[in-house]
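As structure tokens, the structure follows; a few thoughts come after it.
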Amino acid sequence: MSMVIERETAAVTKVVLELEVANHAGVMSHICGLFARRAFNVEGILCMPLADASRSRIWLLVFEDERLEQMIKQVEKLEDVISVVRHGAEHAVFERLETFFR
Amino acid sequence: MMQMTGAELILRLLERQGIETVCGIPGGAILPFYDALGQCDTIHHVLARHEQGGGFMAQGMARVSGKPEVCLASSGPGATNLVTAIADAKLDSIPMVAITGQVPLGMIGTDAFQEVDTYGMTIPLTKHNFLVRDANDLLEVIPEAFRIAMSGRPGPVLVDVPKDVQCQMVSFEDYPPVAVPNALPEVDLLAIEKAAEMINASERPVLYLGGGVIHSGASHLAVTLAEQGGLPTTMTLMALGTMPIDHPLSIGMLGMHGARYTNYVLEEADLLICVGARFDDRAIGKAAEFCPRAKIIHVDIDPAELHKIKTAHVGITGDVTQVIEALLPLVQVKLREPWLAQVADLKQRFPLAKPDLDNPRSHYGLVQAVADALDDEAVIATDVGQHQMWVAQAYPFRRPRQWLTSGGLGTMGFGLPTAIGAALAAPERTVVCFTGDGSLKMNIQEMATLAEEALNVKIVLMNNNSLGLVYQQQSMFYGKRPVASKYKRAVNFLKIAEGFGLDAVDLDTAENPAATLAEALQRPGPCLIHCSIDREEFVYPMVPPGAANTEMIG
Ligand SMILES: Cc1ncc(C[n+]2csc(CCOP(=O)(O)OP(=O)(O)O)c2C)c(N)n1
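Line by line, the protein sequences are chains A and B.
Counting from 1, one number per residue, gives the positions in the first sequence under the numbering used here.
Counting from 103, one number per residue, gives the positions in the second sequence under the numbering used here.
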């Protein structure tokens, strides 16, 4: 398996992952570490606590590639990750956010 | 209402979890806990001489008992010293709980004396880790640590506890319940049916067992499955002992140093039933060329292992015991005469060569002589190198948890402290540690721990005065240019052992080495058994790293 994905050759399809996680210091490190180590590029990341303050929601914008399934399984294995839902790129969360980056 | 310090609370929770022995080294940031430990007479503390040694002792206990065991270290250098043993436990899926002291909460992040970010440092090495910021959280964190360590695929969990949290008073009504493993995942019966159909329809199936079979306690079931389905069975390095090596269906260990016939049988297989193994590169060689003719059934408790290296035709997430129990009623009794005859023919034509087997001063002969002097109750640990592979190839393993080796991380220095841990967990057994002169020096200080605990551990040192496996690789793949693999001076290990207070015998000078060896193994208590081994003896066959398993040399 090749680990470094060239931007040009990577599939252009984007995927939005919606994670529900336990809300405490360290969760982000656990999650980001998994992606960084496999050189799996995370395009965008967003994290906010939920109404039930013991939980947070994390949104990740990633490129679809052959390793994504394995990536998701690794994320699901983390003790602090309660659920992972996969959305298409049409999901509004990052699109609306884009206005802040113009 | 109960009231106690965080340190005492940790201890009470360990007691409730059934912990009887802990291994470690004290230091400033964990002194409140050690002070509480000093007042406790239910838990025996074994003072290691290096935190890595303490970590491997906990592993040795866990590898023998199958339950999570505990090691301790102080902050900073104590925690960094522990890291290798934790990483080793992660790669071999060994349940372990490491408790480290940390600088007081208010000093975290100030580069305080002996402060390192133990939590951050151990994220990628642990199954999970905790930094406890309030002693009340211990009521939840300690049972959680045990639950996580032993649930599903086992692994190491680290709990980092700042010094002031250890001293903080906690009041509570009741202790939390004793942690138990999570309920097992439900078995997918459709997938089981599909798998059984594939087994029944296949003509040349091979059963491929991994360490998960041992973790699940499913060795007997795996043997029953093999017998019922007429399945030739190969084992990974981690799974040695699941099927007795002299069982007619055993085709021994596969992979880089497997016998030629084993790898050839896999080449012919039309179905591979992988149970609790993970297609590690040392076992399967070049992934694309492994079992080229076979469909794959893969059973693992960790869903992330399915389709990770090889795409399975049927992937079953589940506990090995439950999966085999569900499979057995559906698997037809088969004799598979043509296939087993073909396997027998390959075995006869390409067996494992074990030259000089009756000479107890040769590499295979020494392994054989140790086996001859012991029964199957003994525990066999190794370090890492040629000696490890010779033992894996030649020792007649016949029961699960008989064999303790560092498979995934391949850590030199594993052997002696792990053997000590094994003897702590099973004091009635003889524990042998096969080691090399390079590996032994990596945790040689634990000879002091061994002498102090007076355990029944026999260190069998195969001394080639070199980093043998490195020397072998350089000889075979780097134009015979040995670099930094031959020692220029020899060490007198007999004197060293005596200096630490161990009994020592030298097979080099023994008149009757087999008798000297047998006597030393039978005499209770710790002993170093020294034997020189020719540096030019290599481990064969060998699959060059990155090559297909059929491209064996030797
Ligand atoms: C901690 C560690 N450092 C380096 C290595 C790389 N390595 C693998 S085998 C080996 C040589 C082992 O020598 P020895 O223990 O004497 O065993 P032998 O191969 O001679 O039997 C080395 C350096 C390792 N596995 N572990």
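Where a beta carbon is used, it is the ideal one built from N, C-alpha and C, also for glycine.
None of these values were measured; they are calculated from a predicted model.
Cα separation between residue i and residue j?
i        : j        : result
B/Gly156 : B/Tyr580 : 37 Å
B/Asn565 : A/Val21  : 52 Å
B/Asn238 : A/Phe63  : 42 Å
A/Met3   : A/Ala36  : Low local confidence applies: a pLDDT of 46 at A/Met3 is under 50, so the model's placement there is unreliable, with the coordinate-based value given in what follows. Distance between the alpha carbons of A/Met3 and A/Ala36: 11 Å.
A/Ile5   : B/Cys125 : Reliability fails at A/Ile5, whose pLDDT of 47 lies under 50, so the model's placement of it is uncertain and the value that follows must be treated cautiously. So the alpha carbons of these two residues sit roughly 44 Å apart.
B/Ile225 : B/Glu288 : 29 Å
B/Leu511 : B/Val534 : 21 Å
B/Val263 : B/Thr202 : 6 Å
B/Val425 : B/Gly314 : 12 Å
A/Val16  : A/Glu66  : 15 Å
B/Thr344 : B/Thr423 : 13 Å
B/Arg395 : B/Gln575 : 30 Å
A/His24  : B/Gly487 : 42 Å
B/Asn365 : B/Phe516 : 28 Å
B/His415 : B/Val445 : 24 Å
B/Trp441 : B/Gln450 : 14 Å
B/Ala496 : B/Arg362 : 14 Å
B/Arg384 : B/Pro647 : 8 Å
B/Thr484 : B/Lys590 : 25 Å
A/Gly88  : B/Gly254 : 31 Å
B/Phe640 : B/Leu571 : 8 Å
B/Pro502 : B/Asp402 : 18 Å
B/Val218 : A/Leu61  : 32 Å
A/Thr9   : B/Arg583 : Here A/Thr9 scores only 49 on pLDDT, less than 50, and its place in the model is too uncertain to base an answer on.
B/Trp505 : B/Glu613 : 30 Å
B/Asp421 : B/Ser318 : 7 Å
B/Ala406 : A/Glu76  : 9 Å
B/His322 : B/Met106 : 46 Å
B/Ile121 : B/Gly222 : 27 Å
A/Ile58  : B/Asn284 : 26 Å
A/Leu50  : B/Phe274 : 29 Å
B/Thr144 : B/Cys173 : 16 Å
A/Lys73  : B/Met300 : 26 Å
B/Ala303 : A/Leu34  : 40 Å
Which residues mark the beginning and the end of the alpha helix (DSSP H) in which residue i is found?
i        : result
B/Thr364 : 362-370
B/Arg118 : 108-118
B/Leu184 : 179-193
B/Pro615 : 615-624
B/Lys449 : 439-451
B/Pro519 : 517-527
B/Thr507 : Careful: B/Thr507 lies outside any alpha helix (DSSP H) and carries neither H nor E.
Please go through the same chain and pick out, in chain order, the residues whose beta-carbon is closer than 6 Å to the beta-carbon of residue i, but skip the five residues on each side of it.
i        : result
B/Tyr642 : Gly656
A/Leu78  : His30
A/Ser54  : Asn23
B/Leu227 : Ile188, Ala189, Lys192
B/Leu333 : Pro307, Leu309
Which residues of chain A have a Cβ atom closer than 7 Å to the Cβ of residue i, listed in chain order?
i        : result
B/Lys412 : Ordered by position in chain A, no residue passes the 7 Å Cβ test against B/Lys412, which lies about 12 Å from the chain.
B/His230 : Glu79
B/Gly222 : Ser29
Taking the beta strand (DSSP E) that residue i belongs to, which residues open and close that run?
i        : result
B/Gln270 : Premise fails: B/Gln270 is in no beta strand (DSSP E) and is neither H nor E.
B/Leu64  : This structure gives no information on residue 64 of chain B, because the portion of chain B shown stretches from 103 to 656.
B/Asn565 : 559-565
B/His147 : 146-149
B/Cys376 : 373-377
B/Cys142 : B/Cys142 -> no beta strand (DSSP E), and no H or E assigned at all.
B/Gln204 : 198-204
B/Tyr310 : 307-311
A/Ala73  : The identity of residue 73 of chain A in the sequence shown is Lys, whereas the question assumes Ala. Careful: A/Lys73 lies outside any beta strand (DSSP E), inside the alpha helix (DSSP H) at 68-77.
A/Ala22  : 14-22
Identify the contact partners of residue i in chain B, using a Cβ-Cβ distance below 7 Å as the criterion.
i       : result
A/Lys73 : Pro405, Ala406
Name the chain A residues that come within less than 8 Å of residue i, Cβ to Cβ?
i        : result
B/Pro226 : Gly33, Arg37
Kindly list, in the order they appear in chain A, the residues whose Cβ is closer than 9 Å to that of residue i.
i        : result
B/Ile250 : Glu79
Residues of chain B with CB closer than 9 Å to the CB of residue i, please, in chain order.
i       : result
A/Gly26 : Tyr221, Gly222, Ile225, Asn231, Phe232, Leu233
To which residues of the same chain is residue i closer than 7 Å at the C-beta, ignoring the five residues directly before and after it?
i        : result
B/Val435 : Gln330
B/Asp348 : Pro498
B/Ala247 : Val199, Phe232, Val259, Val261
B/Glu305 : Asp372, Trp441
B/Ala320 : Val422, Thr423, Ile426
Take residue i and list the residues in its own chain whose beta-carbon comes closer than 8 Å to its own, dropping the five residues that flank it on each side.
i        : result
B/Arg500 : Gly343, Pro346, Ile347, Asp348, Asp478
B/Ala550 : Arg151, Phe602, Gly603
B/Glu295 : Leu432
How about residue i: is its Cβ closer than 7 Å to a heavy atom in ligand 3?
i        : result
B/His489 : Judged by which ligands are present, ligand 3 is missing from the structure shown, whose ligands are ligand 1.
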